[in-house]
Structures are given as structure tokens and as C-alpha cells.
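Reading through the C-alpha cells given below for one structure.
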Amino acid sequence: MKFGVIVFPGSNCDRDVAMVVQDILQQPTRMVWHEESDISDLDVVIIPGGFSYGDYLRCGAIARFSPALQATLQHAEQGKFVLGICNGFQVLTETGLLPGALMRNRDLHFVCDRVPLRVERNDLPWTQNYEQGQVITLPIAHGEGNYYADPATLEALERDRQVLFRYCTPSGETTAAGNPNGSLNNIAGICNQRGNVMGMMPHPERASDPMLGCTDGLHLFKGLLLANESRQLVHS
Amino acid sequence: MKSGQIQISEVAVAADLDAPFAAAEIAAEGLKPEEYDEIVRRLGRHPNRAELGMFGVMWSEHCCYKNSRPLLKQFPTTGDRILVGPGENAGVVDVGDGLRLAFKIESHNHPSAVEPFQGAATGVGGILRDIFTMGARPIAILNSLRFGNLEDARTRRLLGGVVAGISHYGNCVGVPTVGGEVYFDPAYSGNPLVNAMAMGLMETPEIVKSGAIGVGNPVLYVGSTTGRDGMGGASFASAELSDASMDDRPAVQVGDPFLEKSLIEACLEAFKTGAVVAAQDMGAAGITCSTSEMAAKGGVGIECDLDRIPVRETGMVPYEYLLSESQERMLFVAQKGREQELIDIFERWGLQAVVAGQVIAEPIVRILFQGKVAAEIPATALADNTPIYHHELLAEPPDYAQLAWRWSEAELPPATVTGIALSGKTQTWTEVLLTLLDVPSIASKRWVYRQYDHQVQNNTVMLPGGADAAIIRLRPQVVDSPVGDSVDSSKTSTNHTRGVAATVDCNARYVYLHPYEGAKAAVAEAARNLSCVGAEPLAVTDNLNFGSPEKPIGYWQLAEACRGLAEACRELSTPVTGGNVSLYNETLDSNGNPQAIYPTPVVGMVGLVNDLSKVCGQAWQQEGDRIYLLGQPLGTGSPQVTLGGSEYLATLHGTIAGMPPQVDFALEKAVQAVCRNGIAQGWIRSAHDCAEGGLAIALAESCISGNRGAAITLPFNSTDANLPQRWDTLLFGEGGGRIVVSVAPDQTPAWETYLQAELGTNWQSLGTVRSVGGSLQLLTADNLELINARMDEVCDRWDNAIERRMSMT
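As given, the protein sequences belong to chains A and B, one line each in that order.
Position in the first sequence (first residue = 1) + 509 = my numbering.
Position in the second sequence (first residue = 1) + 550 = my numbering.
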């Protein structure tokens, strides 16, 4: 399964993701410079964390116009996988591949921590290696991770079961106490209706290396590989 | 008024009556009248305005160490692992396996006092440039921060701004901020300290040096544009702060971390071409400093044409170009004929890159502007052969110190098993413990480090708050772009089992009370913190934050602290590879009286972790594990273990006095070696050093981190008429090179045999780790309760001390 990691000048988790898919999972991987427009060789596009073009205007607001993102739109249209992590999630909402927006955190501070998440469904490639309702721990590191969508969009997201991860307490309650940034409905990660595009604020790549003590995130990437082996295709 | 003598003016040249500058103009550049005379002597003429400005910044303490250089000479600077010592942008040590680590610490105190957000942010930017200028990719940041009392609204604004600034810059450039220290003391009310340390892993085969080489080679200006921001920051940093300092806000630079991120990538890519022969970042004193230092180090000259410098403002004059401290800029000397190759790399990253001049044979810095020579100065006059001030050391320690040393524990109210009477009310030792846990300098720094991305780069093995030192995996991050389809299995992360541990330390109260002993203690603590995670101490970078050296007490503190640092670094085999000197850290009160900060020689130390699977945190791991104290045994400590200079004495008794703990190097080295080996052998499951708050606080912190209580018995009876030390000294006394460790019960026979052989009587068995949520209990030998603290209460005090104060309005 061939992975591509998009590199904006301000990306800073690009190498971290590449390390996981290339070194730990031994998958063919290449870095995709933001000015590239031919990514037809890729099965999975990952938009990594960081600050794309500095994000002084609004996170991801400029990144959406890059040639690599335009190519990603077509890639997604073909039903191939797109994963946006942290800044990548922000970019995906800016491009319209995912609904909603990510606003400044509730308490206005950048938050770097390890937080519990509840897996909301496990019938998609992204989450098939988790149990339904399982509580996992992933690192977060963001200043703008407060998920917002208008009531109609939010209702549609919930109705179509597009929420994959929610912030929760260690025992799995999706309460305000378990919400680190003020996200509506404790939303931490969502997919598109078709299920091939996924965005999440937590960093699964930071919880994939046994030497760093936590591997809850590795199962997400392994889920994709499993989907590939069984030729699981995502069609609407 | 001056205790110093100027050494340079062999030929005194009286300032001409027709000198082109008024005395006030010379003073405005931070130059003394006799320094102006020396400039005239060296040039054989009066300088012009641009030249005067260049001398002003280059002869500031910040750039030329004119007050501290004779003292810095005594530091040990060489060793088996030292590849680059002082004098370059950063030190470099050999960490084995072909890996080389660059590291350095730097202060940004005065800018942070005036504009905390940008001051701290650009402090981070500056220290990162020192690292990647050498050809190293930055892999971690630490910082050492000091503020006034948190009950003060102004301090809260400063802390909030500084932390947000570090967070803004460090998070965006993608370098994890993995550790540090934060202290609060009224001594820093008007003059906070912001010291940032960075480490990087060399990515280029050759370490990139800063000496210009090759007459005729082009000089490239790369990075950002030049504007009027940060004018004369180096001079500003070398003067006392006053109410009028707020008007100096233009001297504070504004940082752009996104641009710096691109600059890191572009520079490393450029260095790998082999076309760059020398590089220097433009920090303090901008173009002036980089041209003159590169020329002086290379024994050549540099000609620089200001008309070619990319600008962000119009109408700038040479003075402004030369003194601008616009951020994210570098100067390269390139191989002739390979300029375009380099320019292409920078343009791909959206950065400026122009040929701005060339290396010339004549050893001068020649600045051209609009076709004319705007400045021409011998490079060594600016950067090398700079003034040195020798100050006279006080014959006797100053009165304040002598008075403090006369304090003794006998002056305290009696201490009983129950507690101590303070202001007519008996406080139990449990209450005292909770009070100390609530002191912001001791309490959890979670509010601070939660705002820093401490995990980016995927190498953070030990998270902040988890241990006495940070641990980072050493993993080259070279990714070929594009990678292609082939997978090289030798590159897997699991093959990289080496790590580096790092810490920054200084108990400035000790240094204030006794600069020599306090400085030794700072080095010993840094080495102990590294040993507590299982790392072998390698080398030091130091940040000397002091008051004015022109005052007898200020110079005495500086000289005595340097003597202590030098001795401790020799004793512990940790050479100094460079650092930073920040003097004149004083604020003028409204009556115009200078108030010096505590003398604060911050020690940044790096250590080697040979095997990342053999490291240790401070948290108890398992109920039933045995708890040991390594180092001075309880009750036999003095003068190594004492309440002198302790947090207990300051917080509970409002007294800053006494002789601070003294380091016994033989014991210190033995204890640290035992701790490292105990971790390597797999005996030790947790290790934590006894610092502020002594044994009781160290035990509480291991309880908090492990979420487990402890049952401790001190080896003294309540009825003992000849108790060797007071109960408060036993519980809260500091010093003694002590480490609290826990060991699994089935390992204790081998462990105790080892301890007996290596430490003789310098260890004790103290008790047992309790269950999750169990209390922290300390008993006398006859089973009377000294302390019994519930974990929820302990955690609440310690976790929320800073957060609670920050939410005050």
C-alpha cells in the first residue's frame, strides 16, 4: 500500500508520519512537495500536522489552494484514502472535503497532552482494529482544535455516523470534563459520508512506536493495511 | 563609582573638543568616554555614526564579554567527547555511533521584561539558529524561567506572555520543548529571566564553522528581510532596566517561526551541498556582528554592500542596516561559482538569498552604501581584540552574606514530633508539607509545559514532569525526498536505542547566600538529575545571569560563582562548551535605587543514555517496592544537609539566611554512579533527587507521579533526647547529594550488597511503596506519626498551585 505525505513549508509532523508508515509498517512511502500535482501513484494521502504556510491567516486557509491539495481532491473523489491529522484536519475542513471548522481552543491556550478517546464505530477501515466503544489514549497538540459545525451539519454528521472519535473521560463518558478544547459533541475525528476521507485532531503517529510507550495509534494505520489486503474498497 | 580599570587605553586620546559626537550620543550607544577614546586611537580618526553604532553593539557585554571573559577562562573546556568547545555558535559533543550533538543556552531577559511574548519567542528563535548554523537539526528545547511573586498581577502577565511566546515559536518550528525549570521569587519582580537551551543532531558530515575562508569567495545574505526592528538590542540587553525601558520596545525583535522553519530546512539542505564554507547566524548586532566575527575568526576581511540587502522598509540609513536585529537571517561564505545553487534552494523555500559581498584579504569590515564606503573598521578591533575590564574582588565577603551565614537553626522555634509553633499556632508537619507543595516553585509546572508541544518529532521518551531530566531518542531524521518505493529496513526506529538526557538547573537562593557553594550545587544537581534517569553526564552550557559587575557585590557574586562552576565542572568531568552571559539584570525602583536579581548561573547539562530501554522516571511503580535513600544518611548530614537557604526556611519562616548546603564531591560522584548503575542493572524502578523541600517533598513527588502512597519510617525515636537533627531538618532539610529510589522486593538482596560495597554507610532503607491512592505516611522509629497526607489532598495542592494563581484576576 503506497503512502504519500504532503509537505508544506510549515509542516512539522511529516517525518513523524513517514517514520510510522515507512519504518514501523514497512510500507512504500514518499514525501509529496506542496507544489506537486501528480499523486496518481498513491493509495493513501496523509496531510500531516504543522503550520502549513505559517497559518497566520487561519489554519489551512492558504494550504487548500496548493497544487498538492487540488490533486488530493481528485484522489478523494476516486474513493482513495485521505487522512488529515491535526493541521491536516484543519486543511480538510478548509477544502470542504470534511464539514465544519476548527476554532481556537476553549481556554485559548495551546494544549499538548495525552487524552482518552472513545471509538464510536469500528466498521470502517480506519477503526476496524479497535473495539466499538473502546477507550484509547492518543496525544493531542493544538491551539485550534475546537470543532464547530452549524446545527444542521452537526445533526447530519451524527445521523450518518460520521463521528469516529470523541474526547471522553478515562471511563468513557463524553462529558465536558473529558473535553480538552470545547469541541461540539466532544468531536475529535470525523470522516466524510463515503468514509474514505478522515480528519482528526489527535496524533495517532505519536502513539505508534513501542519505544515511546504507547501504541494505541498504530492500529489506525494497520486498519488501512488490512483494508488493502482484503481489497476492501470504499464505495458510496 | 567604578571599581573597574580599563586595560586598553595605553595611549589615552582625549576626546577632541571638535569630536563629531556629543557625550550623550556616545553614551546612547552604550559606550563609555574612555572607550570612545580607544576607538579613535584604533581608527586613527573619529568614527562616523554608523561606525560608532557598530562599536557600541560589538563592545557590549552581550557580544564581547568585557567584564566576564577573564573569569570564563577558568572553565574546563576540553574532554574526550568534546568536538567543539566555546567560541563557535554552539558546542558539539560526540555521543557515539557516529552521532554528534550540538547544544547551547542563551538568555533573552531584557526583551522578555519589556515585551514578554516576542521577547521569549525570539529567544527561542535565536538559540535554534545557533544550533542549525552548525549543520545540526534542532531536536529539543529546554528553558529556565524566573519571575517575581505569582500573587502579583504583573508577574502573571509576564508568565502568561513568556509561556505563550515560547509555545508560539517552538510549536510552530516543530521542535519539542521537553523540559526546564520555573522559579518564582520577589528578587525577579522587575527583571524576569528567560533562558532557552536547544539541542540538535548533526546532519552534515562536517561541522559548519563560522570563520570566513577564501579571498574572493562570495558572501551570501539569506533568510528574511532587514527592517528597523530590534535596533541595538545587544546594547539594550547590557544596561539596567528602568521605567524608561518601556520606551525601548523597538529594541525588541519580532519573530516569524514559520520563516525559521523554512530557514532550518533550507540551511540544512544548503550545507549538504558542500558549497557553504562558513555560516553565522545574525542574532545580536545583526550584520555588524556576523560580518566582523566571521572576518576576525577567519583572519580575513569582508566587504558587504548594503544596497544588495533585501529590505522590508524604505529609506534606511547604514546605521539602521548595521544595527538591525531583524530575525531569521544568516550570513554564509560560499564557494565561488556555486552561489546560484544555494540561491535556488532558498528560493524554493520562499526565502531571500543574495550575494551581498565577498571575502577580502585586508582584515577589515568594509560596508558599502550607495556606491560609497559607509564604514571601514579592522575586524579584530570590533570582534576580537575587544576591551577587557578587570574588577577588583572584595577582600572580604560582603556584609549581607556574612550576616546570613551567622544564622543558625537555634533561632527557630522548637520542633516536636507533632509540628512547630508559628505565629502562636502549631502547624503539623502534614500541614507544612501541604504548604510547601503549594509553593509555585515546587508545584507541578503542568500549566506551563502543557502549552508546549513536547512530543513533535516522535522522539520524546520521557514526558515533562515524569522525571528529573528530559530524555530524547537520538534518531537521524534524514528523509530523502521523494523516498520512492524501496524500503530500507535498516532505518527502522527500533534500531535507534541511544538517547540524550538534558536538564537546566540552578537554585539561585543558594548562589545568593554563597555564590561559590551555590554554583557548585547547581552543577552537582544537574549531574544528579541526569543520573536519576540513568544518563551519564557529558558536558555543560552555562547561562550567567547576574547584576552589574561594576558594583563590588555584583562582581564578587560573579567571580565567586564562576570559581564554583569551574571547580564543579572539573570535579564532575563535565566541560563547559559555551554559553551566555547576561549582566546588568537589575531594576531601578521608583527612587532610582538599583535592585539586583539573585545571581543565577543556570547550568544546562547533557548526558548520554546508552540504552533507552534502561531509563528511569520519578514515579513509584509497584506496591511493595522498597524505598531507599542514597547519599548523606538522615541525621548525619551537616554541613551537607541543612535548613540554610531552604525553601522551608523561606516559606514557613520568611527567612532567607544560613549557609546553603555544601557539596561533597566524593560522595556526590559515588551516589550518582550507584544510581546510574542501579538503573542499568534493572534494580532501580524509580529515582528522584532531593532538591527544594528536601526528603519529604521528594517522597511526595514520587507518590504523586506514581499515584501511590508510601510508608516511611525514620530511624529515630520520638523520645530520643539526643536527636542528631531537628525534625524539620530531617524532613525538609536540603542538600547531601541525596536520591530517593525504589527497588522491587526480590531484587533487594543483590541491591543491598551492591550498596554496601559502593556506598558504605551512605544509604538507608526507608520504607515501602503503598497501594494506588494510599497515603504518604512518615513515622518515627517508635511509630509516632510525623506526616500522614492523603494523596488526593497532596495531588490537589501540587497539581493546581500555579493554575489556581493564574486564574486570579
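Heads up, the beta-carbon is just placed ideally off N, CA and C, and yes, glycines get one too.
Short Cβ contact (8 Å threshold) for residue i with residue j
{"i": "C1056/B", "j": "A1072/B", "result": "yes"}
{"i": "A748/B", "j": "I716/B", "result": "no"}
{"i": "I970/B", "j": "E1242/B", "result": "no"}
{"i": "Q1001/B", "j": "F619/A", "result": "yes"}
{"i": "R679/B", "j": "G777/B", "result": "no"}
{"i": "D1214/B", "j": "R1288/B", "result": "no"}
{"i": "A931/B", "j": "V607/B", "result": "no"}
{"i": "V642/B", "j": "I757/B", "result": "yes"}
{"i": "I814/B", "j": "A746/B", "result": "no"}
{"i": "P1210/B", "j": "E1067/B", "result": "yes"}
{"i": "T985/B", "j": "L1202/B", "result": "yes"}
{"i": "Q902/B", "j": "T775/B", "result": "yes"}
{"i": "E878/B", "j": "G766/B", "result": "no"}
Beta-bridge pairing of residue i - partner residues as DSSP gives them
{"i": "Q702/A", "result": "According to DSSP, Q702/A bridges with nothing at all."}
{"i": "G697/B", "result": "Note on identity: in this sequence residue 697/B is Phe, with Gly being the wrong assignment. F734/B."}
{"i": "P625/A", "result": "T646/A"}
{"i": "A610/A", "result": "Y657/A"}
{"i": "M747/B", "result": "I655/B, L692/B"}
{"i": "P650/B", "result": "Just to set this straight, residue 650/B is Arg in the shown sequence, not Pro. Paired residues: D644/B."}
{"i": "W899/B", "result": "Answer is none; W899/B lacks a bridge partner."}
{"i": "Q977/B", "result": "I970/B"}
{"i": "P1125/B", "result": "Looking at the DSSP assignment, P1125/B forms no beta bridge with any residue, so it has no partner."}
{"i": "H651/A", "result": "V620/A"}
{"i": "Y771/B", "result": "L881/B, V904/B"}
{"i": "E853/B", "result": "Q908/B, R916/B"}
{"i": "V1322/B", "result": "R1258/B"}
{"i": "V1291/B", "result": "Y1178/B, A1237/B"}
Reference residue i, options the options, closest by Cα
{"i": "A580/A", "options": "D564/A, I556/A, F598/A, C595/A", "result": "I556/A"}
{"i": "I938/B", "options": "V804/B, P1265/B, K623/B", "result": "K623/B"}
{"i": "P620/B", "options": "R687/B, V643/B, A835/B, H941/B", "result": "H941/B"}
{"i": "F1266/B", "options": "W955/B, R956/B, T841/B, L1329/B", "result": "L1329/B"}
{"i": "A1294/B", "options": "D1175/B, D735/B, V744/B, P1211/B", "result": "D1175/B"}
{"i": "V1228/B", "options": "A1307/B, L1202/B, T976/B", "result": "According to the sequence as given, residue 1228/B is Gly; it is not Val. Among A1307/B, L1202/B, T976/B, the Cα nearest to that of G1228/B belongs to A1307/B."}
{"i": "A925/B", "options": "T966/B, I632/B, R595/B, C1082/B", "result": "R595/B"}
{"i": "P1274/B", "options": "G1310/B, P1189/B, A929/B, F571/B", "result": "P1189/B"}
{"i": "G1185/B", "options": "W1313/B, K1101/B, L708/B", "result": "W1313/B"}
{"i": "A1276/B", "options": "S694/B, E1173/B, G1194/B", "result": "Sequence inspection shows Arg at residue 1276/B; the Ala mentioned does not correspond to that position. If we check each option's Cα against that of R1276/B, G1194/B comes out closest."}
{"i": "L1379/B", "options": "H1004/B, I1177/B, Q668/B, P726/B", "result": "What the structure shows of chain B is the stretch from 551 to 1359, and residue 1379/B is not part of that stretch, so it cannot be assessed."}
{"i": "L735/A", "options": "R630/A, Y639/A, D523/A", "result": "Y639/A"}
{"i": "P537/A", "options": "I696/A, N690/A, E545/A, M528/A", "result": "M528/A"}
{"i": "S994/B", "options": "D647/B, I1247/B, A1271/B", "result": "I1247/B"}
{"i": "E1251/B", "options": "V1319/B, A1207/B, L1309/B", "result": "V1319/B"}
{"i": "D1278/B", "options": "G1244/B, T1303/B, Q1007/B", "result": "G1244/B"}
{"i": "W542/A", "options": "L578/A, Q599/A, S692/A", "result": "L578/A"}
{"i": "A1216/B", "options": "G1310/B, I927/B, P736/B", "result": "G1310/B"}
{"i": "V1152/B", "options": "E1086/B, A1058/B, Y1134/B", "result": "A1058/B"}
Cβ-Cβ separation, residue j to residue i (assumed contact under 8 Å), whole Å
{"i": "V905/B", "j": "R858/B", "result": "7 Å"}
{"i": "A572/A", "j": "Y562/A", "result": "6 Å"}
{"i": "V628/A", "j": "I649/A", "result": "V628/A to I649/A, Cβ: 16 Å. No contact."}
{"i": "L692/B", "j": "L1024/B", "result": "L692/B to L1024/B, Cβ: 16 Å. No contact."}
{"i": "Q908/B", "j": "P1125/B", "result": "Actually they are not in contact, since the Cβ atoms of Q908/B and P1125/B sit about 37 Å apart, beyond 8 Å."}
{"i": "G1018/B", "j": "N1079/B", "result": "Per the sequence presented here, residue 1018/B reads as Asp, with Gly not at that position. Yes, they are in contact, since the Cβ atoms of D1018/B and N1079/B sit about 4 Å apart, within 8 Å."}
{"i": "L663/A", "j": "N694/A", "result": "7 Å"}
{"i": "V728/B", "j": "T1010/B", "result": "6 Å"}
{"i": "G1088/B", "j": "L1199/B", "result": "The sequence given here places Leu at residue 1088/B; Gly does not occur at that position. Not confirmed; about 34 Å, so no contact."}
{"i": "G652/A", "j": "N614/A", "result": "6 Å"}
Original post:
Quick one: complete beta strand (DSSP E) runs, 3+ long, within the segment 515-574 of chain A?
Top reply: 538-542, 553-556
**OP:** Starting from the N-terminal side, write out each stretch of the alpha helix (DSSP H) that is 4 residues or longer and does not extend beyond the segment 579-639 of chain B.
**Re:** 583-593, 599-608, 611-614, 619-622
Subject >> In chain order, each alpha helix (DSSP H) run of at least 4 residues that lies wholly inside the segment 891-967 of chain B >> reply: 929-933, 949-955
Original post:
Which full runs of the beta strand (DSSP E) of 3+ residues lie inside the segment 1192-1273 of chain B, going along the chain?
Top reply: 1234-1239, 1258-1263
**OP:** Kindly provide the ranges of any beta strand (DSSP E) runs that are 3 or more residues long and lie completely inside the segment 680-735 of chain A, ordered along the chain.
**Re:** 696-700, 706-709
**OP:** Ignoring anything shorter than 4 residues or poking outside the segment 1035-1123 of chain B, list the alpha helix (DSSP H) runs there in chain order.
**Re:** 1058-1063, 1065-1082, 1102-1121
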